[in-house]
Amino acid sequence: MKRRILLALVGVLVLYGLVDLFFADQTPGPMTSSSPSFGQTSPLQYAQDSVMASAGAHYKISKAGEFFLGEHYRPVWTVPVKAKVFHMNEVAGGLSIEKLGGGMQTTSLTLTDSSGRRFALRSLDKDPIQVLPAFWQKTFVGSFVRDQVSATNPYAALVVPPLAKAANILHPSPQLVYVLPADQDFKQYSNIFGNKLFLMEEKFTSKASLADKLGAATDLVDTEEMLRRRFSSSRHRIDQWAFARARLLDLLLSDWDRHEGQWDWAAYVQENEIWYKPIPKDRDQALCLYDDGVIPWLATRKFAARKFESFHPVFKDVFGLTINASFLDTRALSEVSLVDFRRLAREMQVALSDAVLRRAVQQLPPPVYALVGEETFQKLRSRRKLLVQTAEDYYKILAKEVAVVGADEPERFVVQRLSQGRTVVEIYRLGEGNVNSGKVYSRTFFAGETERINLFGLKGDDIFDISGTAAKGSYVYVYGGAGTDKVTDKSTVEGWRKKTVVVDDTPGVQLQPGPITQAKLSESITEVPSFVRVRVRE
1 MKRRILLALV GVLVLYGLVD LFFADQTPGP MTSSSPSFGQ TSPLQYAQDS
51 VMASAGAHYK ISKAGEFFLG EHYRPVWTVP VKAKVFHMNE VAGGLSIEKL
101 GGGMQTTSLT LTDSSGRRFA LRSLDKDPIQ VLPAFWQKTF VGSFVRDQVS
151 ATNPYAALVV PPLAKAANIL HPSPQLVYVL PADQDFKQYS NIFGNKLFLM
201 EEKFTSKASL ADKLGAATDL VDTEEMLRRR FSSSRHRIDQ WAFARARLLD
251 LLLSDWDRHE GQWDWAAYVQ ENEIWYKPIP KDRDQALCLY DDGVIPWLAT
301 RKFAARKFES FHPVFKDVFG LTINASFLDT RALSEVSLVD FRRLAREMQV
351 ALSDAVLRRA VQQLPPPVYA LVGEETFQKL RSRRKLLVQT AEDYYKILAK
401 EVAVVGADEP ERFVVQRLSQ GRTVVEIYRL GEGNVNSGKV YSRTFFAGET
451 ERINLFGLKG DDIFDISGTA AKGSYVYVYG GAGTDKVTDK STVEGWRKKT
501 VVVDDTPGVQ LQPGPITQAK LSESITEVPS FVRVRVRE
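Residue 1 is where the sequence shown starts when you use full-length UniProt numbering, and the numbers rise one by one after that.
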């Protein structure tokens, strides 16, 4: 399979090389982020406080080039729009540069005001060349990767806030701004930031911004810190239903690039527990259109780069939309049931009325709205109608194999095998004398949906009680982790398969097996997956 995928991608790139050869005067040539033209605008008219400029005039190519490479959003990138001129000393009482940011694609700055509030200034245009090995960066492959930025709508992030507000999802509110050429307020970065369009938004990192935008939130952390806290103590809880709601909005927007680095988490104290609510950010891939040219259509098939799903009136590949988010989805959605997903989808359908969708799309700059506004509105309406079915499809993807994870403290995992293929899993904190002191997890799984349930005790002396009799049931894998664990399996499931599998080290587990128990014990400490490590990507 991997060989076929590799050969398919090589074929696509060879085809692009031929296009680059025969249409050399019509297709975009190699550019670098240090080149004067990369990411710079072509301002047509200045006013005292605004400018008419395009986001990426260099994405304009011939009709022949569009046939092979895709029309994408090239008209949107090249049309001049009105943007407010950014003056660093006038915004929020005056801003100063804290640090240069951005990863492999985006040019960004973190700015601060006198009260400590932080703001992000992010370029509309991207340079994804660093995702390629150095050898390919100066070849036609580099040209192709850069050109495909035109598949994104540079103004998509402006559409999101009205939708997120209506759906009760925490969100930033970006503003379109333009930085003048050689703006001396940018000091040593003036050559990087001058003569470009940017989105500016506040980062909710100070106490002032938390109180103003996030209500009773006591803290704001990134995904890695949130997961570290969550798996250190069960008193740190993820609001999984708020995250599910946010992920449904991602699907509606066809925003496939929702990896763990695309989220912040607001912390709220509730009855001696701290709950973390998600704040999605960086909407670079919302509303994208990758598959309207011969070469990108081939490159985004299921046998190739499947995750590059496009924004169409229907959902063509829900699984493709979830690939980049799988790491976080596994850790933050294991308690959300099919009933929950259906309810959340129906609530979102009601909240995102035609009036809300229209208002959201009207946040696009008027020249952009004239090009794609009505089409975007109609696509959102169509996708909204399909949201319940899409939520069900998404749930089935998540439900096939589930990770139920405890914390680095003593806990009791209670598993009951019941009739009709049901398996109930609950987690309790353990108090003195191993008495249950509070339930922290509960979900019913169905064998027709879930093939395997993975229980992870992490650190602490955990207890796993498995019982019940059933004609069919899911596999239950028990990973005790560090500490001395006690596993008791009194369950039975018809058939010859061993449906309870215990993975641990011999010194660290007290096992009372049953008729369907399979022990996979080792003399050394058993390695279990890391649930905290985050691969933050740009």
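Beta carbons: idealized from backbone N, C-alpha and C, even for Gly.
Report the three-state DSSP secondary structure of residue 101 (helix, strand or coil). strand
Whole beta strand (DSSP E) elements within the stretch 350-416, 3-residue minimum: 401-405
Is the beta carbon of residue 178 sitting closer than 7 Å to the one on residue 83? yes
Residue range of the alpha helix (DSSP H) that includes residue 74: 74-78
Exposure label - residue 507; buried when at least 16 CB within 10 Å: exposed
Indicate whether residue 520 and residue 483 have their beta-carbon atoms separated by less than 7 Å. no
Tell me which residue opens and which closes the beta strand (DSSP E) that residue 81 is part of. 81-85
Residues sharing a beta bridge with residue 68, DSSP: Bridge partners of residue 68: none, in fact.
Span of the beta strand (DSSP E), counted from its first residue to its last, around residue 161: No beta strand (DSSP E) holds residue 161; the alpha helix (DSSP H) holding it covers 160-166.
Measuring alpha carbon to alpha carbon, tell me which residue in 471, 226, 485 is nearest residue 497. 471
Taking the alpha carbon of residue 389 as the reference point, which residue from 310, 355, 248 has its own alpha carbon closest? Ranking 310, 355, 248 by Cα distance to residue 389 puts 248 first.
Closer than 6 Å: is that where the CB of residue 248 sits relative to any heavy atom of the ligand FMN? Inclusion of the ligand FMN in the displayed structure is not the case, the ligand content being empty and no account of it being possible.
Completely contained beta strand (DSSP E) runs for the stretch 433-497, where each covers 3 or more residues: 436-446, 452-456, 463-467, 475-479, 485-489
Cα separation between residue 418 and residue 453? 15 Å
What first and last residue would you give for the alpha helix (DSSP H) that runs through residue 193? 190-193
Residue 392: which of 170, 346, 258, 76 sits nearest, CA to CA? When each option's Cα is compared against that of residue 392, the closest is 346.
Mind checking which residues open and close the alpha helix (DSSP H) that includes residue 541? With the chain represented from 1 up to 538, any question about residue 541 goes unanswered, as that position is not in the structure.
Top-ranked residue by Cα proximity to residue 121, from 298, 430, 96: 96
Start and end of the alpha helix (DSSP H) containing residue 251? 240-252
Pull up the distance between the alpha-carbon of residue 362 and that of residue 292, whole angstroms please. 24 Å
Do you know whose CA, among 210, 486, 334, lies nearest residue 242's CA? 334
Strictly by DSSP, which residues pair up with residue 50? Residue pairing for residue 50: DSSP places it in a beta bridge opposite 84.
Rounded Cβ spacing between residue 504 and residue 489 (contact assumed at less than 8 Å): Actually they are not in contact, since the Cβ atoms of residue 504 and residue 489 sit about 13 Å apart, beyond 8 Å.
Do residue 231 and residue 532 have their C-beta atoms closer together than 7 Å? yes
Does DSSP put residue 423 in a helix, a strand or coil? strand
Every unbroken alpha helix (DSSP H) within the stretch 292-345, with a cutoff of 4 residues, ordered by chain: 294-299, 318-322, 326-332
Residue 38 versus residue 329 - alpha carbon distance: In this prediction, residue 38 scores a pLDDT of 47, lower than 50, which makes its location untrustworthy; the coordinate-derived value is nonetheless stated afterwards. So the alpha carbons of these two residues sit roughly 35 Å apart.
Mind checking residue 25: buried by the 16 CB within 10 Å criterion, or exposed? Here the model assigns residue 25 a pLDDT of 41, short of 50, so the residue's position is not dependable, and the following value carries that caveat. Flag for residue 25 reads exposed.
Where does residue 257 land, buried or exposed, given buried means 16+ other C-beta within 10 angstroms? buried
What is the rounded straight-line gap between the Cα of residue 423 and the Cα of residue 251? The alpha-carbon atoms of residue 423 and residue 251 are separated by roughly 29 Å.
Using beta-carbon positions only, say whether residue 358 and residue 377 come within less than 7 Å of one another. Yes, Cβ-Cβ distance for residue 358 and residue 377 is below 7 Å.
Per-residue DSSP class, three states only, for residue 532: coil
Between residue 53 and residue 180, how many whole angstroms is the CB-CB distance? I'm expecting something under 8 Å. Not really, about 11 Å apart at Cβ, beyond 8 Å.
Output the residue ranges of the beta strand (DSSP E) runs that lie fully inside the stretch 257-295 and measure 3 residues or longer, sorted by chain position. 263-270, 273-280
Going by DSSP, what residues sit across from residue 177 in a beta bridge? Beta-bridge partners of residue 177 (DSSP): 84, 198.
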